[in-house]
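Trainee: Top to bottom, those sequences are chains A, B, C and D. The first sequence maps to residues 1 to 228 in the working numbering. The second sequence maps to residues 1 to 228 in the working numbering. The third sequence maps to residues 1 to 228 in the working numbering. The fourth sequence maps to residues 1 to 228 in the working numbering.
There are 4 protein chains.
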Amino acid sequence: MAAAKEPGPPDGGLGMSETDRVKAFSDGVFAIVITLLVLELRVPEYHHGDLLAALGHEGPSYLAFVVSFAYIGVIWLNHHALLRLIRGTTLALNWINLGILFGAVIIPFPTAVLASAFAEGDTADQRAAVALYAASAALMSAPWLLFFGYLHRHPALLASGVDVAHARAQRARPITGLLLYGLAGLLGWFVDPVLGLVGIIVMIAYHALTSEGLRAGPLGRLVGGRRR
Amino acid sequence: MAAAKEPGPPDGGLGMSETDRVKAFSDGVFAIVITLLVLELRVPEYHHGDLLAALGHEGPSYLAFVVSFAYIGVIWLNHHALLRLIRGTTLALNWINLGILFGAVIIPFPTAVLASAFAEGDTADQRAAVALYAASAALMSAPWLLFFGYLHRHPALLASGVDVAHARAQRARPITGLLLYGLAGLLGWFVDPVLGLVGIIVMIAYHALTSEGLRAGPLGRLVGGRRR
Amino acid sequence: MAAAKEPGPPDGGLGMSETDRVKAFSDGVFAIVITLLVLELRVPEYHHGDLLAALGHEGPSYLAFVVSFAYIGVIWLNHHALLRLIRGTTLALNWINLGILFGAVIIPFPTAVLASAFAEGDTADQRAAVALYAASAALMSAPWLLFFGYLHRHPALLASGVDVAHARAQRARPITGLLLYGLAGLLGWFVDPVLGLVGIIVMIAYHALTSEGLRAGPLGRLVGGRRR
Amino acid sequence: MAAAKEPGPPDGGLGMSETDRVKAFSDGVFAIVITLLVLELRVPEYHHGDLLAALGHEGPSYLAFVVSFAYIGVIWLNHHALLRLIRGTTLALNWINLGILFGAVIIPFPTAVLASAFAEGDTADQRAAVALYAASAALMSAPWLLFFGYLHRHPALLASGVDVAHARAQRARPITGLLLYGLAGLLGWFVDPVLGLVGIIVMIAYHALTSEGLRAGPLGRLVGGRRR
Numbered sequence: 001m002a003a004a005k006e007p008g009p010p011d012g013g014l015g016m017s018e019t020d021r022v023k024a025f026s027d028g029v030f031a032i033v034i035t036l037l038v039l040e041l042r043v044p045e046y047h048h049g050d051l052l053a054a055l056g057h058e059g060p061s062y063l064a065f066v067v068s069f070a071y072i073g074v075i076w077l078n079h080h081a082l083l084r085l086i087r088g089t090t091l092a093l094n095w096i097n098l099g100i101l102f103g104a105v106i107i108p109f110p111t112a113v114l115a116s117a118f119a120e121g122d123t124a125d126q127r128a129a130v131a132l133y134a135a136s137a138a139l140m141s142a143p144w145l146l147f148f149g150y151l152h153r154h155p156a157l158l159a160s161g162v163d164v165a166h167a168r169a170q171r172a173r174p175i176t177g178l179l180l181y182g183l184a185g186l187l188g189w190f191v192d193p194v195l196g197l198v199g200i201i202v203m204i205a206y207h208a209l210t211s212e213g214l215r216a217g218p219l220g221r222l223v224g225g226r227r228r
Numbered sequence: 001m002a003a004a005k006e007p008g009p010p011d012g013g014l015g016m017s018e019t020d021r022v023k024a025f026s027d028g029v030f031a032i033v034i035t036l037l038v039l040e041l042r043v044p045e046y047h048h049g050d051l052l053a054a055l056g057h058e059g060p061s062y063l064a065f066v067v068s069f070a071y072i073g074v075i076w077l078n079h080h081a082l083l084r085l086i087r088g089t090t091l092a093l094n095w096i097n098l099g100i101l102f103g104a105v106i107i108p109f110p111t112a113v114l115a116s117a118f119a120e121g122d123t124a125d126q127r128a129a130v131a132l133y134a135a136s137a138a139l140m141s142a143p144w145l146l147f148f149g150y151l152h153r154h155p156a157l158l159a160s161g162v163d164v165a166h167a168r169a170q171r172a173r174p175i176t177g178l179l180l181y182g183l184a185g186l187l188g189w190f191v192d193p194v195l196g197l198v199g200i201i202v203m204i205a206y207h208a209l210t211s212e213g214l215r216a217g218p219l220g221r222l223v224g225g226r227r228r
Numbered sequence: 001m002a003a004a005k006e007p008g009p010p011d012g013g014l015g016m017s018e019t020d021r022v023k024a025f026s027d028g029v030f031a032i033v034i035t036l037l038v039l040e041l042r043v044p045e046y047h048h049g050d051l052l053a054a055l056g057h058e059g060p061s062y063l064a065f066v067v068s069f070a071y072i073g074v075i076w077l078n079h080h081a082l083l084r085l086i087r088g089t090t091l092a093l094n095w096i097n098l099g100i101l102f103g104a105v106i107i108p109f110p111t112a113v114l115a116s117a118f119a120e121g122d123t124a125d126q127r128a129a130v131a132l133y134a135a136s137a138a139l140m141s142a143p144w145l146l147f148f149g150y151l152h153r154h155p156a157l158l159a160s161g162v163d164v165a166h167a168r169a170q171r172a173r174p175i176t177g178l179l180l181y182g183l184a185g186l187l188g189w190f191v192d193p194v195l196g197l198v199g200i201i202v203m204i205a206y207h208a209l210t211s212e213g214l215r216a217g218p219l220g221r222l223v224g225g226r227r228r
Numbered sequence: 001m002a003a004a005k006e007p008g009p010p011d012g013g014l015g016m017s018e019t020d021r022v023k024a025f026s027d028g029v030f031a032i033v034i035t036l037l038v039l040e041l042r043v044p045e046y047h048h049g050d051l052l053a054a055l056g057h058e059g060p061s062y063l064a065f066v067v068s069f070a071y072i073g074v075i076w077l078n079h080h081a082l083l084r085l086i087r088g089t090t091l092a093l094n095w096i097n098l099g100i101l102f103g104a105v106i107i108p109f110p111t112a113v114l115a116s117a118f119a120e121g122d123t124a125d126q127r128a129a130v131a132l133y134a135a136s137a138a139l140m141s142a143p144w145l146l147f148f149g150y151l152h153r154h155p156a157l158l159a160s161g162v163d164v165a166h167a168r169a170q171r172a173r174p175i176t177g178l179l180l181y182g183l184a185g186l187l188g189w190f191v192d193p194v195l196g197l198v199g200i201i202v203m204i205a206y207h208a209l210t211s212e213g214l215r216a217g218p219l220g221r222l223v224g225g226r227r228r
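1. Name the residues in the region 31–58 of chain C whose C-beta lies less than 7 Å from a C-beta of chain D; which are they?
2. Would you list, in sequence order, the uninterrupted alpha helix (DSSP H) runs of no fewer than 4 residues that lie entirely inside the region 132–190 of chain D?
3. Looking at the structure shown, is A:Thr90 part of a helix, part of a strand, or coil, going by DSSP?
4. Consider the Cβ of B:Ala169: report whether some Cβ of chain C lies at a distance smaller than 8 Å.
5. Buried or exposed for A:His57, please, with buried defined as at least 16 other CB atoms from any protein chain shown within 10 angstroms of its CB.
6. Please report the straight-line C-alpha distance between A:Leu101 and B:Ala31, rounded to a whole angstrom.
7. Report yes if the CB atom of B:Gly177 is closer than 8 Å to the CB atom of B:Gly185, and no otherwise.
8. Since A:Arg84 and A:Leu158 should fall inside the 8 Å C-beta cutoff, what is the C-beta to C-beta distance between them, to a whole number of angstroms?
9. When the distance is taken between beta carbons, is A:Asn78 closer than 8 Å to A:Val22?
10. Thinking just about the alpha-carbon of each residue, which of A:Leu55, A:Phe148, A:Leu114 is nearest to the one in A:Ala258?
11. Answer with buried or exposed for D:Thr123, where buried requires no fewer than 16 other C-beta atoms within 10 angstroms of its C-beta.
12. Going by other Cβ atoms of all chains shown within 10 Å of its Cβ, with 16 needed for buried, is D:Gly73 buried or exposed?
13. Let's test the definition: count the other Cβ atoms within 10 Å of the Cβ of B:Ala115 and tell me whether it reaches 16, buried, or not, exposed.
14. CA-CA distance, B:Ala167 and B:His152?
15. Okay, do the region 38–50 of chain A and the region 58–69 of chain A touch, 3+ Cβ pairs below 8 Å being the bar?
16. Thinking D:Tyr150 and D:Ala92 are a contact (beta carbons under 8 Å), I'd like their distance in whole angstroms, please.
17. Strictly below 9 Å CB to CB, what residues from chain C border D:His80?
18. CB-CB under 6 Å to D:Val130, same chain, minus the five flanking residues each way: which ones, in chain order?
19. Please name the residues in the region 122–134 of chain B whose beta-carbon is closer than 7 Å to at least one beta-carbon of chain A, in chain order.
20. Please list, in chain order, the chain F residues whose beta carbon lies closer than 7 Å to that of D:Phe109.
21. Between which two residues does the alpha helix (DSSP H) holding C:Glu120 run?
22. Check the Cβ-Cβ distances between A:Phe65 and every residue of chain B, and say whether any is below 8 Å.
23. How about B:Tyr181 and B:Ala128: do their beta carbons lie closer than 8 Å?
24. Would you call B:Leu209 buried or exposed, if buried means 16 or more other Cβ atoms sit within 10 Å of its Cβ?
25. With a threshold of 8 Å on Cβ separation, who are the neighbours of D:Lys5 within its own chain once the five nearest residues in sequence on each side are excluded?
26. Mind checking if A:Leu209 is an interface residue toward chain B, Cβ cutoff 8 Å exclusive?
27. I'd like to know whether the C-beta atoms of D:Leu139 and D:Val113 end up nearer to each other than 8 Å.
28. Have a look at A:Gly121, A:Pro143, A:Ala70 and flag the residue whose alpha-carbon is nearest the alpha-carbon of B:Gly49.
29. Does C:Trp144 get closer than 8 Å to chain B when you measure Cβ to Cβ?
30. Run down chain A in chain order and give the residues with a C-beta less than 7 Å from the C-beta of B:Trp76.
31. Report buried or exposed for D:Ala24, applying the criterion of at least 16 other Cβ atoms within 10 angstroms of its Cβ.
32. Cα-Cα, which of D:Val191, D:Phe69, D:Asp27, D:Val29 is closest to D:Thr111?
33. With a cut-off of 8 Å on the beta carbons, I'd call C:Ile106 and D:Val33 a contact; round off their distance for me.
34. Residues of chain C with CB closer than 7 Å to the CB of B:Phe102, please, in chain order.
35. Leaving out the 5 sequence neighbours to the left and right, which residues in its chain are closer than 8 Å to B:Ile96 when beta-carbon positions are compared?
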């Protein structure tokens, strides 16, 4: 309806619509996923006087909770920066965004598997859990790649001040994610689960540090300075 | 309050109000439903070293999760397009919208029943589960039909650029849903549960492909081109 | 921040701020409560071939789900109309609003108790469950009464076109709720639980029918016609 | 995108962006956490006719629910006032805000531990639970301290009408929280768990009473009067 009142620049026949509801829906999904993680933190079974020891035994669950909270926080920051690149959305972009949200929504599951394997499983279980987590994270990169590819092919969607070269440059990050999460999974499966886990944490840190896109680089600084 | 400041066109005595809170509430409900699905994915019970096999055993749950995620995504896209048709809401439309949300909110339940029946039940259980799913999906079409019917009777609610013929044409889709989901349920109950399941998946794909309304058709292209 | 840019009319020293975040937070809470209800619908335990019978046995749960969904829908519609009365909020109103949300948030609990008592308990359990539900619903009316009382004492908060007499007239509804839910609870406890349950359902219908305030009455029509 | 259209005052090279999505995401998280608390309220196991007694036995859970609801309400009110201080956000502020949300998200867990310890545990369990709750609450103060410190170092982020002295004055509150929650935890651990619990409730009341910042004081009145 707002679109009817403020027409804005022509959309090149894309059938572009506002991003308001996409943002509201996405923020809702991220807010819920990051909050649902706490449901994994349960009061452990304990005998009288043993609560403290029982809580201590749940250490891996707490670590998994903190890592997943940070991870979803990182994805939200990345998504925040992603939607600032565009001035409108299309049916195709809405589907790609659903793919991005799918990746975020499933995080609690491989996280719970990971926590369970390190708390109660043996090495074979830990291999499987690390491989599952890495595979999920690698697949999660795919819709981001599609998003940047779509933007590259439809520059009319870019917000004013964002140029095509910037959108193209961003593709490096999901490609890195796809490859290195895959590598971490292979390491965890074939070499050592703890090594794979370290690889996963390094990758989350990488995405945290680059969450604003390539803003820190010379191109990013140029675009970022103008865009905001 | 905004309504008080920007009166807008007369509402023909409908007692029309803004759609902002309806959108926010609906987006919240969709975001929560699509995210709650992940709660169905639980770490399975497993013996040391058997995690991978235990995860493999949960295959039907994962499939049900993916189908339901896509289904709710499709409903959200349809709802997104639906609310772009109107420039305001009324008490009656708010009730009809609650009916639409009711349909979305219950999805996780027949989905869980379906996953359970195909993972653990026999053919009789699968018939019951497919029939329940199809009946839920068919009933879910009813409030959409009411919505389009209401719009048809109250053209003053249509957003500028959307005409009555367009609103009438949209009624074909929930009618199709009501009939074909019903048919899928009957097939699943009387003939074969797997056949019914295939019918359900075909219907979800149908709603996915027409989520932007009849925009792809000649009438839709006309309206869509002007509306956005 | 918007307030800093668009000062609006003076607030009479109330320390008034925008209602945007109150709406967003409240809509979020309502959306989550209405969606969480579905978590009460669980796949029942069943033997091979007994799924349909097991589902049938859960009838009271489904009825409780539908009633609670409608109830929270009614509260949302009432809240929607409530916040349209004001042009800003204060710290005191935010606290009263938290009280209103508290009433909405606890609904799933007495609902689950009610469903359990009618599915598995005896008459004594049903009395207790009906009394608990009615007491919750009666207490839920209290913050609405505070809200209308506060508006009456601070007419500077009223949106333009809403007059003091209208705000005073609305107080009749939470008072009715407080008294009649209390009566339903007493009937359910001392006379018959089913009678109390009928009283509760009648009250929900009453709030549904008056969700837009006294708009249908002569005063309401006057105000409603001007306000929207 | 709005930023591109309405440039606003220069941001001093901070890479500032709008606060809209931060507000929406934060409101979503608060709404979910405050609503998830109700999941802790479960229908107790009971024999025929014993529902009322079984409900009565759950007293500590209900008290924990009410205290936690009020606590998260207080944090939301504080957060509401916090974001009114700024006119834009940065990557660093977004991370600090995630830290604030982390503190809110974990509340249900120490709350559940507390309720369990007082319902089923012995004094040693209660000591552990009170110490855990107090430690969580004390740590929760840390990101608020970072927020005010960051604002103090980057006055360009302050909303118009908010001065540096005001931002500096607010730091007193998280420092008080850090120290006094720590003290309550030590009292609960070394002296008496009930004493620690009282200390926690006093602190929640303190944050409730000062939720609008130092507005009640002479400085706050000055700033508050101008700011809104």
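Each residue gets a CB set at the ideal place from its N, CA and C atoms; glycine is no exception.
Mentor: According to the data block:
1. Ile32, Val33, Leu36
2. 164–170, 172–186
3. Residue numbering aside, residue 90 of chain A sits at position 90 when the first sequence is read from its first letter. In the structure shown, A:Thr90 sits in coil (DSSP, three-state: anything other than H, G, I, E or B).
4. Here residue 169 of chain B refers to the residue found at position 169 of the second sequence. So, not an interface residue.
5. What you label residue 57 of chain A is simply residue 57 of the first sequence in a count that begins at 1. A:His57 is exposed by the Cβ-count criterion.
6. Here residue 101 of chain A refers to the residue found at position 101 of the first sequence. Here residue 31 of chain B refers to the residue found at position 31 of the second sequence. Taking the straight line from one Cα to the other gives about 10 Å.
7. Here residue 177 of chain B is taken as the residue at index 177 of the second sequence, counted from 1. Here residue 185 of chain B is taken as the residue at index 185 of the second sequence, counted from 1. No, Cβ-Cβ distance for B:Gly177 and B:Gly185 is not below 8 Å.
8. Stepping through the first sequence from its first residue, residue 84 of chain A is reached at position 84. Stepping through the first sequence from its first residue, residue 158 of chain A is reached at position 158. Contact flag wrong, Cβ pair sits at about 11 Å.
9. Position 22 of the first sequence holds residue 22 of chain A. Position 78 of the first sequence holds residue 78 of chain A. No. Outside cutoff.
10. Lying outside 1 to 228, the shown extent of chain A, residue 258 of chain A is not represented and no answer is given.
11. As a working note, residue 123 of chain D is residue 123 in the fourth sequence. Result: exposed.
12. Here the question's residue 73 of chain D lines up with position 73 in the fourth sequence. Buried is the call here.
13. Translated into the one-based positions of the second sequence, residue 115 of chain B becomes position 115. It counts as buried.
14. Position 167 of the second sequence, counted from the start, is the residue given in the question as residue 167 of chain B. Position 152 of the second sequence, counted from the start, is the residue given in the question as residue 152 of chain B. Each residue's Cα considered, the two are about 6 Å apart.
15. yes
16. On the fourth sequence, residue 150 of chain D is found 150 positions in, with the first residue counted as 1. On the fourth sequence, residue 92 of chain D is found 92 positions in, with the first residue counted as 1. Confirmed, about 6 Å.
17. Within the fourth sequence, the letter at position 80 stands for residue 80 of chain D. Near D:His80 (Cβ distances below 9 Å), the residues of chain C are Ser17, Arg21, Val22, Phe25, Asn94.
18. Looking up residue 130 of chain D in the fourth sequence gives position 130. So the list reads Gly188, Pro193, Gly196, Leu197, once near-sequence residues are dropped.
19. none
20. Among the protein chains of the structure shown, namely A, B, C and D, there is no chain F.
21. For the purposes of this step, residue 120 of chain C is identified with residue 120 of the third sequence, where counting begins at 1. Unbroken alpha helix (DSSP H) run through C:Glu120: 108–120.
22. As a first step, residue 65 of chain A must be located in the first sequence, where it is residue number 65. No, A:Phe65 does not count as interfacial toward chain B.
23. Indexing the second sequence from 1 puts residue 181 of chain B at position 181. Indexing the second sequence from 1 puts residue 128 of chain B at position 128. No, these two residues do not count as a Cβ contact at 8 Å.
24. As a first step, residue 209 of chain B is located in the second sequence; it is residue number 209 there, counting from the start. Its Cβ having fewer than 16 others within 10 Å, B:Leu209 is exposed.
25. Counting from one through the fourth sequence, the residue named residue 5 of chain D turns up at place 5. Residue confidence for D:Lys5 is low, a pLDDT of 36 falling below 50, so the modelled location carries little weight; the figure read from the coordinates is stated next. Nothing listed; no residue qualifies.
26. Here residue 209 of chain A corresponds to residue number 209 of the first sequence, with the count starting at 1. So, not an interface residue.
27. To locate residue 139 of chain D, count along the fourth sequence from 1; it is residue 139. To locate residue 113 of chain D, count along the fourth sequence from 1; it is residue 113. In this structure, D:Val113 does not lie closer than 8 Å to D:Leu139 by Cβ.
28. As a first step, residue 49 of chain B is located in the second sequence; it is residue number 49 there, counting from the start. Residue A:Gly121 is the option with its Cα nearest to B:Gly49.
29. Sequence index remark: in the third sequence, residue 144 of chain C carries index 144 (1-based). Chain B, which has no Cβ nearer than 8 Å to the Cβ of C:Trp144, makes this no.
30. The count along the second sequence starts at 1 and reaches residue 76 of chain B at position 76. Chain A residues near B:Trp76: Phe25.
31. Looking up residue 24 of chain D in the fourth sequence gives position 24. Flag for D:Ala24 reads buried.
32. One-based indexing of the fourth sequence puts residue 111 of chain D at position 111. The shortest C-alpha separation from D:Thr111 is found at D:Phe69.
33. As a working note, residue 106 of chain C is residue 106 in the third sequence. As a working note, residue 33 of chain D is residue 33 in the fourth sequence. The pair is not a contact, with the Cβ atoms about 15 Å apart (cut-off 8 Å).
34. Position 102 of the second sequence, counted from the start, is the residue given in the question as residue 102 of chain B. What B:Phe102 touches in chain C: Phe69.
35. Residue mapping note: residue 96 of chain B aligns to position 96 of the second sequence, counting from 1. Correct list, in chain order: Pro143, Leu146, Phe147, Tyr150.
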